[in-house]
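Novice: Numbering of the sequence shown is given in our numbering, commencing with residue 52 and proceeding in unit increments.
From the three backbone atoms N, C-alpha and C, an ideal C-beta is built for every residue, glycine too.
Attaching a single structure in structure tokens format; questions to follow.
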Amino acid sequence: MIMNLNLKEITNRMQKFKSVKGFKDILPEDQFYWDFVRNKFISIVKSYGFERIDLPILENSGLFVKSVGSGTDMVDKEMFSFETLGKKKVSLRPEGTAGTVRSYIEHGMLNRRKPVKLFYLGPMFRYDRPQAGRYRQFHQFGLEIFGESSPVIDAQLIFLCKQLFSEIGIETDIHINSIGCQDCRKEYIGQLKNYLKKNRKNLCPDCQSRYLKNTLRVLDCKEKGCQEIVSEAPQIIDYLCDDCNKHFVKVLEYLGDAETAYQLNPLIVRGLDYYNRTVFEIFPKGNEKRQSALGAGGRYDDLVRNLGGSQEEETPAIGVALGMKRIINILKKKEDSGIITSRTSDIFVAQLGERARKKVFSLFERLRRLGFDVAEDISKTSLKQQLEEANNLKVKFALIIGQKEILDKTILIRDMESGSQEIIPEDKVEKVLIKRLKSIKKV
Ligand code: AMP
Numbered sequence: 052m053i054m055n056l057n058l059k060e061i062t063n064r065m066q067k068f069k070s071v072k073g074f075k076d077i078l079p080e081d082q083f084y085w086d087f088v089r090n091k092f093i094s095i096v097k098s099y100g101f102e103r104i105d106l107p108i109l110e111n112s113g114l115f116v117k118s119v120g121s122g123t124d125m126v127d128k129e130m131f132s133f134e135t136l137g138k139k140k141v142s143l144r145p146e147g148t149a150g151t152v153r154s155y156i157e158h159g160m161l162n163r164r165k166p167v168k169l170f171y172l173g174p175m176f177r178y179d180r181p182q183a184g185r186y187r188q189f190h191q192f193g194l195e196i197f198g199e200s201s202p203v204i205d206a207q208l209i210f211l212c213k214q215l216f217s218e219i220g221i222e223t224d225i226h227i228n229s230i231g232c233q234d235c236r237k238e239y240i241g242q243l244k245n246y247l248k249k250n251r252k253n254l255c256p257d258c259q260s261r262y263l264k265n266t267l268r269v270l271d272c273k274e275k276g277c278q279e280i281v282s283e284a285p286q287i288i289d290y291l292c293d294d295c296n297k298h299f300v301k302v303l304e305y306l307g308d309a310e311t312a313y314q315l316n317p318l319i320v321r322g323l324d325y326y327n328r329t330v331f332e333i334f335p336k337g338n339e340k341r342q343s344a345l346g347a348g349g350r351y352d353d354l355v356r357n358l359g360g361s362q363e364e365e366t367p368a369i370g371v372a373l374g375m376k377r378i379i380n381i382l383k384k385k386e387d388s389g390i391i392t393s394r395t396s397d398i399f400v401a402q403l404g405e406r407a408r409k410k411v412f413s414l415f416e417r418l419r420r421l422g423f424d425v426a427e428d429i430s431k432t433s434l435k436q437q438l439e440e441a442n443n444l445k446v447k448f449a450l451i452i453g454q455k456e457i458l459d460k461t462i463l464i465r466d467m468e469s470g471s472q473e474i475i476p477e478d479k480v481e482k483v484l485i486k487r488l489k490s491i492k493k494v
């Protein structure tokens, strides 16, 4: 029987191993987008004084239990945890804040000039149900600021997030709320429980247990039935203590002064234990679906102390994590993203004949070291094929060396756009290239 299978189907049928569910490859053609976003973000946050920190992917499980909190989905259901051969319980990090705080304490960063501003990027792991925009391994770009309680820092961080997105061509909506401190939350949670009690049996099974263990989380449940119930619930903002209220009003004032639009959203509570006061989420403009969120963050003023940092001195802190893949998915759909999505070069070195090939072998390296953006296809013997590749790479000039050029110690330089050619002495090649590239404003 002849089956009509394409190459991909045939390979799929033959392949024994596939990537693990929810774990994705990032292919070369996507790396242009990743480089673009990473480079832009890094350069912007560095100008805001952030320094890079790279953290291990594996941490002791207890770190997440103590910081993110037991009773949260992330810790109870979503961690990739296992026991090492040495019988230690470890987890692939589900988020970046806990590890950053652990490192901050472990390396005595408390003694550095405040605020200490750190950024990280890398993979996180959560055993969630994979779907569009939700993966089990996903990458976050995170920012953390330690040692400052001033509301201006909250506003500046939110403002910075808005800038990061706007500079890569994505317009965003910022949703913001305050969940107060332990004291104001206590009273609020009591009121919320009272309200939910009447509707308890209509909550989803998860929220039935959240009602007891982590009541606030009912507010940001994704289930429609729960969302309807909480739309009428009391709002935490009405229960803020004086200090928390003042702090929040100031944050909003600074944002207003910086002309940063925001939406107050009483349902944003961030389910993790460590958050207090300001919490926020970032959505693509006009799309507030939870699974579309591009980033989220908030204050965590007690976490450093709770994880064993200075007990005498307070270390207020705030952070945000942005979801790289969701950002890249948006950019890939945009026709006018302006991102160059194929390799391009200025110069191509081509050869015809074995002696010329040896020459081009070293000419390529010489030009590369001088800083030229140069390409080659040295395994090919056909000049036609090499020039096709030069065309693919949209190079400005091809340098061609054949038998005659070897004997004359010359190089043929071909302007790939006009097709005009000129023979130049081999030892003048750098000078000629600099001049020609300069004339097209490249060097
Ligand atoms: P969170 O750490 O849950 O506050 O998430 C911060 C951001 O990371 C979200 O707004 C998403 O953009 C991204 N993110 C979180 N979980 C996932 C996931 N499972 N897959 C892809 N991106 C995610």
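#1: So what's Phe68 in DSSP terms, helix, strand or just coil?
#2: According to DSSP, is Tyr326 part of a helix, a strand, or is it coil?
#3: State the start and end residues of the unbroken alpha helix (DSSP H) segment that holds Asp308.
#4: Can you list, in chain order, the residues of its chain with a C-beta nearer than 7 Å to that of Ile501? Leave out the 5 residues immediately preceding and following it.
#5: Nearest-angstrom Cα distance between Ala368 and Lys385?
#6: Am I right that Thr427 and Val446 are in contact with their C-beta atoms under 8 Å? What's the rounded C-beta distance?
#7: Under three-state DSSP, which class holds Val446?
#8: Measuring CA to CA, which of Lys460, Ala449 and Ser112 is closest to Ser469?
#9: Ignore the nearest five residues each way along the sequence and tell me which others in Lys100's own chain have a CB closer than 7 Å to its CB.
#10: Under 8 Å between the Cβ atoms of His298 and Pro174?
#11: Any chance the segment 457–465 sits against the segment 473–490, with 3 or more Cβ pairs inside 8 Å?
#12: Might you give, ordered along the chain, the residues of its own chain that have their beta carbon closer than 6 Å to the beta carbon of Phe87, omitting 5 neighbours on each side?
#13: In three-state DSSP terms, what is Gln362?
#14: State the CB to CB distance for the pair Pro145 and Phe115, rounded to an integer number of angstroms; the pair is presumed to be in contact (CB under 8 Å).
#15: Would you call the segment 259–273 and the segment 158–166 in contact, with 3 or more CB pairs under 8 Å?
#16: Along the chain, where does the alpha helix (DSSP H) that runs through Asn357 open and close?
#17: Can you look up Pro367 in the DSSP assignment and give me helix, strand or coil?
#18: In this structure, what does DSSP give as the bridge partners for Ala401?
#19: Leaving aside the five residues before and after Arg356 along the sequence, list all residues of the same chain whose C-beta is less than 8 Å from its C-beta, in chain order.
#20: Do Leu254 and Met125 count as a contact pair if the criterion is CB distance below 8 Å?
#21: Return the residue from the list Glu110, Phe216 and Ser98 that minimises the CA-CA distance to Leu373.
#22: Can the beta-carbon of Cys295 be found closer than 8 Å to that of Ser229?
#23: First and last residue of the alpha helix (DSSP H) that includes Glu274?
#24: Please report how far the alpha carbon of Leu67 lies from the alpha carbon of Ile429, in whole angstroms.
Specialist: In short, the structure shows the following:
#1: coil
#2: coil
#3: Asp293 to Asp308
#4: The chain is shown from 52 up to 494; residue 501 falls before or after that span and cannot be answered.
#5: 35 Å
#6: According to the sequence displayed, residue 427 carries Glu and not Thr. Not quite, the Cβ-Cβ distance comes to about 11 Å (not below 8 Å), so this is no contact.
#7: coil
#8: Ala449
#9: As written in the sequence, residue 100 is Gly, which differs from the Lys given in the question. The answer, listed in chain order, is Lys168.
#10: no
#11: yes
#12: Ile390
#13: coil
#14: 6 Å
#15: no
#16: Leu354 to Asn357
#17: coil
#18: Ile451
#19: Gln362, Glu365 and Thr366
#20: no
#21: Phe216
#22: yes
#23: Unbroken run through Glu274: none, as it is neither H nor E.
#24: Going by the sequence as given, residue 67 is Lys instead of Leu. Taking the straight line from one Cα to the other gives about 34 Å.
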